[in-house]
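Undergrad: Below you will find the structure I want to go over with you.
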Amino acid sequence: MYVFSRFASLLPRIALLAGSFISALSASAADLAGGDLKVHGFISQGLVHTTDNNFLGQSDDQISRDFREIGINASWRLVPDIQLSAELLSHRAGGTDDGSVRVDYGLVDWNAFSSENGRAGLRVGRLKTAYGLYNKTRDVTFTRPSIILPQSIYFERTRNLTVSADGAELYAERYGEAGSLTASFALGKPKTKTEAAKVALFLSSPPGELEPRLAPDLQLLYEGAGNRYRLAFTALQLDLSYRPGAADRLRAGRFRLTPLIFSGQYNAERWSLTGEYAIRRTSVSNFGPYFPDSHAVGQSYYLQASYQFAPQWEVLLRYDAFYADMRDRSGKAFAAATRQPAFSRFARDWTAGIRFDVTPEFMLRAEYHHVTGTGFLAAQDNPDVRALRRQWDMLMLLASFRF
Amino acid sequence: MDEHLAIKFVGFLVRAVALYALSLVLLSANGKAQSAEPSMVAIAFPATSEEAVARASLRAIFGMLLQKWPGDTPVKVFVLRDDAPDHATFSKTVLQVFPHQLRMAWDRQVFSGQGQYPEQVGSAQEMLARVATTPGAIGYVKASEVTQNVRVLKVR
Chain A
2 MYVFSRFASL LPRIALLAGS FISALSASAA DLAGGDLKVH GFISQGLVHT TDNNFLGQSD
62 DQISRDFREI GINASWRLVP DIQLSAELLS HRAGGTDDGS VRVDYGLVDW NAFSSENGRA
122 GLRVGRLKTA YGLYNKTRDV TFTRPSIILP QSIYFERTRN LTVSADGAEL YAERYGEAGS
182 LTASFALGKP KTKTEAAKVA LFLSSPPGEL EPRLAPDLQL LYEGAGNRYR LAFTALQLDL
242 SYRPGAADRL RAGRFRLTPL IFSGQYNAER WSLTGEYAIR RTSVSNFGPY FPDSHAVGQS
302 YYLQASYQFA PQWEVLLRYD AFYADMRDRS GKAFAAATRQ PAFSRFARDW TAGIRFDVTP
362 EFMLRAEYHH VTGTGFLAAQ DNPDVRALRR QWDMLMLLAS FRF
Chain B
35 MDEHLAIKFV GFLVRAVALY ALSLVLLSAN GKAQSAEPSM VAIAFPATSE EAVARASLRA
95 IFGMLLQKWP GDTPVKVFVL RDDAPDHATF SKTVLQVFPH QLRMAWDRQV FSGQGQYPEQ
155 VGSAQEMLAR VATTPGAIGY VKASEVTQNV RVLKVR
């Protein structure tokens, strides 16, 4: 297992090297490869203003510009069965991400079996984590239904745990008259050796390190009637061990997070209805008295309707709810035990948004959120718990360009 | 204080527009594809081994999932621009997929490293020329525009 994980952690680097080599050759390689080298990218800049609390930077009664996504990717189909792809991403998100450039994915996709009824294969390297309907392209605003994804399921705060993982994924697809069925199973290590990952889990930054075990990730996806219906089930298990640092008050404890997600979408020609329901089992054990053991089952869901009322215009309405602990939805038991605000254990977000595609490559968006609770806010942006407010509103604007 | 009022006003406006849109959604019936459009056909490189393709396979090919013909020749997919009427008609009547959904499926693959976009051509003439001269090529034109140099693929 150890050898495999060492191997798995090397592969993204290899894939990246191959990727940069290809990009360096760019124009000539494009000709050599018969035009099968493709380069694409995107850049998005958001503005965030909140009436209280900070989200994606210092937004409380000010305008935060600390929400920016820049990505560039290259893919090269060597032969019909093998594709190399890599993406570099800079993701700036308030106090949780400084925008430093990272390899978002870097992989070799080997389509080992293919017939007119289906295909199957293996992807190896740094892979985007299959997690609900939107996670694999979560940072590409053109593929999102709104400026921010529903935070109850796609937390900005804990994105490191689910954004991508180093490992391998088996996939199989079946194309039938009744629809297509896709199954994927991945084993990978998420990126947890970052401040953001630690703060997201501990709400502080202890000196030790989080060591991930290989996380299994299963997704089944059914797409019927030419993608009119899309139904998915995702099961992921994250298991992180803590290695205490020097003079650490915490002991060698363990986090286990097991989210299960049920997703459904109906797409008509001009409107869509989407809903996802997640149940998240979390357990914290053996950290000692300064970070007591706990076992909770969290619950998240949203229902979203979007409607294209003119060729380049779309509106969206969504209700999104997050509860850190199903048995303590109001957070009162938590508040009594910790003296932290009860409302930090849930968030209910009504969102209304509008999208204008100026051209296929250039998009403008505006979005209004009315939120009760602070459950998805990041501690980095809100260091003073006493300054948090239960009810808050947020206005977001975003411009995005892609090629 | 003024700023708060402005935000609340914008919020109210956005919500009003969204509610109006939602009510339209709920009132309007599910839009069915009209059949008054010209009939479109899938075309392939003349030496392609296949004469007929299952609709599900054709969807997988234009969805950029299936990369090979049964004889192991790589598939090369040509499409018109998303807003070209013939693209919309082909998507809706032959593939039976809304063009917007096809675009979303391509985007999901390209930006996760799992696939590539099809090659876009500017006109039916260019489509015919490229499909006629590219081994493994597949595309579409109006039935009335088919020439001797391409093979029409029947949908099973």
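Same order as they appear, the protein sequences are chains A and B.
Using this note's numbering, read the first sequence as starting at 2 and increasing by one per residue.
Using this note's numbering, read the second sequence as starting at 35 and increasing by one per residue.
Just so you know, even glycine gets a beta-carbon here, dropped at the ideal spot from N, CA and C.
Since this is a predicted model, take the numbers as computed values, not measurements.
1. Are there 16 or more other CB atoms within 10 angstroms of the CB of D394 of chain A, so buried, or fewer, so exposed?
2. When you compare only the Cα positions, how much space is there between K137 of chain A and Q148 of chain B?
3. Under 8 Å, Cβ to Cβ, is there at least one residue of chain B near A30 of chain A?
4. Please report whether the beta-carbon of D141 of chain B lies at a distance below 8 Å from any beta-carbon of chain A.
5. When burial is assigned at 16 or more other CB atoms within 10 Å of the CB, is F256 of chain A buried or exposed?
6. Determine, for Q159 of chain B, whether the minimum Cβ-Cβ distance to residues of chain A falls below 8 Å.
7. Extract the residue ranges of the alpha helix (DSSP H) inside the segment 91-159 of chain B, only unbroken runs of 4 or more that lie entirely within it.
8. With a threshold of 16 other CB atoms inside 10 Å of the CB of N287 of chain A, please say whether the residue is buried or exposed.
9. List the residues of chain B that P361 of chain A touches, going by C-beta distances under 7 Å, in chain order.
10. Between which two residues does the beta strand (DSSP E) containing T259 of chain A stretch?
11. Ordered along the chain, which non-local residues of its own chain (more than five positions away) have a Cβ less than 6 Å from that of I73 of chain A?
12. Applying the criterion that 16 or more other CB atoms from any shown protein chain within 10 Å of the CB defines a buried residue, is M327 of chain A buried or exposed?
13. So, at 7 Å on beta carbons, what are the nonlocal neighbours of F1 of chain A in its own chain, with the 5 sequence-adjacent residues on each side left out?
14. Kindly indicate which three-state DSSP category G161 of chain A falls into: helix, strand or coil?
15. Can you tell me the Cα-Cα spacing of Y369 of chain A and T193 of chain A, whole angstroms?
16. Using beta carbons (cut-off 8 Å, strictly below), is F171 of chain B in contact with chain A?
17. If V372 of chain A and A348 of chain A are in contact, beta carbons under 8 Å, what's the gap, nearest whole angstrom?
18. State the DSSP-derived secondary structure class of A131 of chain A, mapped to helix, strand or coil.
19. According to the Cβ coordinates, are R145 of chain A and Y132 of chain A closer than 8 Å?
20. Can you name, in chain order, every residue of its own chain whose Cβ lies under 8 Å from the Cβ of R164 of chain B, other than the five neighbours on each side?
21. Could you tell me the boundaries of the alpha helix (DSSP H) in which E196 of chain A lies?
22. If you run the structure through DSSP and keep just helix, strand and coil, what is F357 of chain A?
23. Short of 8 Å Cβ to Cβ, which residues in the segment 69-100 of chain A face chain B?
24. Which chain D residues are close to K39 of chain A, counting only those with a beta carbon under 8 Å from its beta carbon?
25. From which residue to which residue does the beta strand (DSSP E) around A336 of chain A run?
26. For G96 of chain A, which of helix, strand or coil comes out of DSSP?
27. For L108 of chain A and chain B, any beta-carbon pair shorter than 8 Å?
28. For the beta strand (DSSP E) that contains S65 of chain A, what are its first and last residues?
29. Any C-beta of chain A sitting closer than 8 Å to the C-beta of A94 of chain B?
30. Can you tell me whether W140 of chain B is buried or exposed, with buried defined as 16 or more other CB within 10 angstroms of its CB?
31. Considering only the beta carbon of each residue, do M161 of chain B and T127 of chain B sit closer than 8 Å?
32. By DSSP, does E179 of chain B sit in helix, in strand, or in coil?
33. Exposed or buried, what is F22 of chain A when buried is set at 16 or more other beta-carbons lying within 10 Å of its beta-carbon?
34. Determine the DSSP secondary structure at A171 of chain B, reduced to helix, strand or coil.
35. Report the rounded CA-to-CA distance for F145 of chain B versus D382 of chain A, giving the unit in angstroms.
36. V109 of chain B to Q305 of chain A, Cα distance in whole Å?
TA: Well, looking at it:
1. With a threshold of 16 other beta carbon atoms within 10 Å, D394 of chain A meets it and is buried.
2. Between K137 of chain A and Q148 of chain B, the C-alpha separation is close to 10 Å.
3. Confidence is the limiting factor: at A30 of chain A the pLDDT is only 36, short of 50, which leaves the residue's position unreliable, though a coordinate-based value still follows. False, the Cβ-Cβ gap to chain B never drops below 8 Å.
4. Yes - at least one Cβ of chain A is within 8 Å of the one on D141 of chain B.
5. Sixteen is the threshold: when 16 or more other Cβ atoms of the shown chains lie within 10 Å of the Cβ of F256 of chain A, as they do, the residue is buried.
6. With 8 Å as the cut-off, Q159 of chain B does not count as an interface residue toward chain A.
7. Correct list: 119-123, 133-144.
8. By the 10 Å Cβ count, N287 of chain A comes out exposed.
9. Within chain B, the residues near P361 of chain A are D116.
10. Unbroken beta strand (DSSP E) run through T259 of chain A: 255-268.
11. The answer, listed in chain order, is G42, L89.
12. Answer is exposed; the Cβ neighbour count stays below 16.
13. With chain A represented from 2 up to 404, any question about residue 1 of chain A goes unanswered, as that position is not in the structure.
14. Correcting the residue identity first, residue 161 of chain A is Asn in this sequence and not Gly. When secondary structure is reduced to three states using DSSP, N161 of chain A falls in the helix class.
15. Between the alpha carbons of Y369 of chain A and T193 of chain A lies a gap of roughly 32 Å.
16. It is worth fixing the name first, because residue 171 of chain B is Ala in this sequence and not Phe. Taking Cβ atoms only, chain A never reaches closer than 8 Å to A171 of chain B, which makes this a no.
17. At roughly 6 Å, the Cβ-Cβ gap stays under 8 Å, so V372 of chain A and A348 of chain A are in contact.
18. If DSSP states are grouped into helix, strand and coil, A131 of chain A belongs with coil.
19. It is not a contact, given that the beta carbons lie outside the stated cut-off.
20. Answer for R164 of chain B: F112, E153, V155, A171, G173, listed in chain order.
21. For E196 of chain A, the enclosing alpha helix (DSSP H) begins and ends at 196-203.
22. In the structure shown, F357 of chain A sits in a strand (DSSP, three-state: E or B).
23. Listed in chain order, the positions of the segment 69-100 of chain A with a beta carbon within less than 8 Å of a beta carbon of chain B are G72, N74, S76, R78, V80, P81, D82, Q84, S86, A87, E88.
24. The structure shown has no chain D; the protein chains it does contain are A and B.
25. No beta strand (DSSP E) holds A336 of chain A; the alpha helix (DSSP H) holding it covers 333-339.
26. G96 of chain A falls in the helix class under three-state DSSP.
27. It does; some Cβ of chain B falls within 8 Å.
28. First-last of the beta strand (DSSP E) with S65 of chain A: 64-80.
29. At a cut-off of 8 Å between beta carbons, A94 of chain B contacts chain A.
30. The residue is buried, with at least 16 neighbouring Cβ atoms inside 10 Å.
31. For M161 of chain B and T127 of chain B, no; Cβs fall outside 8 Å.
32. Three-state DSSP puts E179 of chain B in a helix.
33. A caution first: F22 of chain A carries a pLDDT of 42, below 50, which makes its placement in the model unreliable, though a value can still be read off. Residue environment: F22 of chain A is assigned as exposed (fewer than 16 neighbouring CB atoms within 10 Å of its CB, all protein chains considered).
34. Strand at A171 of chain B.
35. For F145 of chain B and D382 of chain A, the gap between their C-alpha atoms comes out near 29 Å.
36. The straight-line gap from Cα to Cα measures roughly 37 Å.
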